[in-house]
Amino acid sequence: MMRLLEVPAEQDLRSFSLYLFHQGVKHKITEESGQQVLWLVTEDQQQQVSHWFQQVQCGELDLSRYQAVIDNPPPQPTQSAQFSISQISLFPITAFFLVINLFVAAMTGLGSNYQVVSWLTFVDFTLIGNYVLAASMGDVFANHQYWRLLSPIFLHFGWLHIIFNMLWLYVLGRRIENKDSSGLMFGLVLFVGFLSNLGQYLMSMDHPIFGGFSGVVYGLLGYCWVREKLANVSFSIPQSIYMFMLVWLVIGYSDILAVIGFGNVANTAHTVGLLAGCLFAAFRGRYNPDNALRC
Numbered sequence: 009m010m011r012l013l014e015v016p017a018e019q020d021l022r023s024f025s026l027y028l029f030h031q032g033v034k035h036k037i038t039e040e041s042g043q044q045v046l047w048l049v050t051e052d053q054q055q056q057v058s059h060w061f062q063q064v065q066c067g068e069l070d071l072s073r074y075q076a077v078i079d080n081p082p083p084q085p086t087q088s089a090q091f092s093i094s095q096i097s098l099f100p101i102t103a104f105f106l107v108i109n110l111f112v113a114a115m116t117g118l119g120s121n122y123q124v125v126s127w128l129t130f131v132d133f134t135l136i137g138n139y140v141l142a143a144s145m146g147d148v149f150a151n152h153q154y155w156r157l158l159s160p161i162f163l164h165f166g167w168l169h170i171i172f173n174m175l176w177l178y179v180l181g182r183r184i185e186n187k188d189s190s191g192l193m194f195g196l197v198l199f200v201g202f203l204s205n206l207g208q209y210l211m212s213m214d215h216p217i218f219g220g221f222s223g224v225v226y227g228l229l230g231y232c233w234v235r236e237k238l239a240n241v242s243f244s245i246p247q248s249i250y251m252f253m254l255v256w257l258v259i260g261y262s263d264i265l266a267v268i269g270f271g272n273v274a275n276t277a278h279t280v281g282l283l284a285g286c287l288f289a290a291f292r293g294r295y296n297p298d299n300a301l302r303c
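Under my numbering, the first residue of the sequence shown carries the number 9, and numbering increases by one thereafter.
Quick look at the structure:
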């Protein structure tokens with residue numbers, strides 16, 4: 009353990025401690041001779057935690073939603089249920105997209121109900137035997153079916169497909185909401201979702217039945233990676249995760265994933281999603297600099 013900060017005993021560190029918990033920072037707070045002492049488990053997070061504490065002192069880092077969870081814990085019969093509700097309140101947009109994905113999966117029978125699926129694909133289609141008769145993108149605008157520009161991200165075709173994507177949405181989405189904001193997370197999903205869908209459609213106009221949240225997942229990953237590089241912030245994502253997802257992206261261009269049960273992979277959606285997330289982070293860093301401490 010490493011001794012990092014000493015503050016007066018009357019200063020409330022609970023909201024800051026909760027913030028550190030959600031950033032994945034292992035720590036503890038003790039009291040010694042009228043002083044509170046903040047201890048870190050690992051030394052490599054010392055500079056980042058000190059920076060966050062200075063931001064709190066200067067009013068740069070808003071901990072009001074963490075304090076609200078502490079001051080107004082929702083009445084629940086058990087401690088575990090109370091913790092779950094508190095968690096959802098801290099990443100509502102991630103929870104929102106999780107619910108939508110699961111709802112659509114139930115309505116479409118994980119892609120088996122083609123009648124429902126046809127309402128959510130990028131363009132409408134009709135099955136004539138084994139032949140797919142697809143509409144055009146012009147028909148989408150002519151019929152005012154604008155939801156189709158985004159809805160394919162909610163389509164999943166099998167349990168492995170949706171479980172893989174929802175796990176990554178949970179892991180990455182809540183980090184982005186906690187580090188930046190829920191509004192930014194919402195805009196990021198819309199931006200990446202639209203571009204990844206458009207890219208995949210333009211590369212496979214003769215086969216409009218595609219879907220999945222993985223293009224957005226790659227966008228979230230790209231956003232975190234570029235934000236860490238440009239703004240010197242930490243999403244507590246190991247470099248091995250970035251490498252794994254990039255390797256997975258490359259493997260997607262082979263037939264290996266289809267062989268092991270993942271089916272045909274929308275590789276263009278993955279690639280465009282990754283680039284869109286990187287672009288979103290670069291744009292945010294250019295016009296929203298937040299790595300300078302101002303008091």
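Cβ coordinates follow ideal geometry from the N, Cα and C atoms, glycine included. Being a predicted model, the structure only gives us computed values, none of them experimental.
Could you tell me the distance, in whole angstroms, from the CA atom of residue i to the CA atom of residue j?
{"i": "Asn121", "j": "Phe221", "result": "18 Å"}
{"i": "Leu69", "j": "Gln63", "result": "5 Å"}
{"i": "Thr279", "j": "Ala289", "result": "16 Å"}
{"i": "Gln247", "j": "Gly285", "result": "17 Å"}
{"i": "Val200", "j": "Met115", "result": "24 Å"}
{"i": "Tyr74", "j": "Val258", "result": "39 Å"}
{"i": "Ser126", "j": "Asn205", "result": "15 Å"}
{"i": "Val234", "j": "Ile136", "result": "45 Å"}
{"i": "Leu228", "j": "Ser41", "result": "45 Å"}
{"i": "Ala142", "j": "Pro160", "result": "15 Å"}
{"i": "Arg292", "j": "Gly195", "result": "12 Å"}
{"i": "Asp79", "j": "Ser23", "result": "10 Å"}
{"i": "Ile184", "j": "Phe99", "result": "9 Å"}
{"i": "His152", "j": "Met145", "result": "11 Å"}
{"i": "Ser189", "j": "Asn240", "result": "17 Å"}
{"i": "Met10", "j": "Leu28", "result": "15 Å"}
{"i": "Leu198", "j": "Leu110", "result": "18 Å"}
{"i": "Gly191", "j": "Leu48", "result": "31 Å"}
{"i": "Asn186", "j": "Leu180", "result": "10 Å"}
{"i": "Ile108", "j": "Glu39", "result": "45 Å"}
Classify residue i: buried if its beta carbon has 16 or more other beta carbons within 10 angstroms, exposed otherwise.
{"i": "Pro16", "result": "exposed"}
{"i": "His169", "result": "buried"}
{"i": "Ser242", "result": "buried"}
{"i": "Thr102", "result": "buried"}
{"i": "Gly117", "result": "exposed"}
{"i": "Gln19", "result": "exposed"}
{"i": "Ala277", "result": "buried"}
{"i": "Asn138", "result": "exposed"}
{"i": "Tyr154", "result": "exposed"}
{"i": "Gly32", "result": "exposed"}
Which residue or residues does DSSP assign as beta-bridge partners of residue i?
{"i": "His35", "result": "Leu48"}
{"i": "Leu13", "result": "Leu46"}
{"i": "Glu18", "result": "Answer is none; Glu18 lacks a bridge partner."}
{"i": "Glu40", "result": "Gln43"}
Grab me the residues of residue i's own chain with a C-beta within less than 6 Å of its C-beta, minus the 5 sequence neighbours each way, in chain order.
{"i": "Leu163", "result": "Leu128 and Gly219"}
{"i": "Asp214", "result": "none"}
{"i": "Glu14", "result": "Gln43 and Val45"}
{"i": "Pro216", "result": "Thr129, Phe130, Val131, Phe133 and Ala142"}
{"i": "Ala113", "result": "His164 and Ile170"}
{"i": "Leu26", "result": "Tyr74"}
{"i": "Phe149", "result": "none"}
Using a Cβ-Cβ cutoff of less than 7 Å, which residues in the same chain neighbour residue i once the five nearest sequence positions on both sides are dropped?
{"i": "Tyr261", "result": "Asn275"}
Among residues of its own chain, excluding the 5 on either side of residue i, which ones have a beta-carbon nearer than 8 Å to its beta-carbon?
{"i": "Ser50", "result": "Here residue 50 turns out to be Thr, not Ser, going by the sequence shown. Cβ within range, chain order: Met10 and Lys34."}
What residue ranges within the stretch 109-164 form continuous beta strand (DSSP E) runs of no fewer than 3 residues, ordered along the chain? Whole beta strand (DSSP E) segments, 3+ residues: 133-136 and 139-142.
In the stretch 182-261, which residue ranges form an unbroken alpha helix (DSSP H) of at least 4 residues, counting only runs that do not cross its ends? Listed in chain order, they are 190-211, 222-239 and 247-260.
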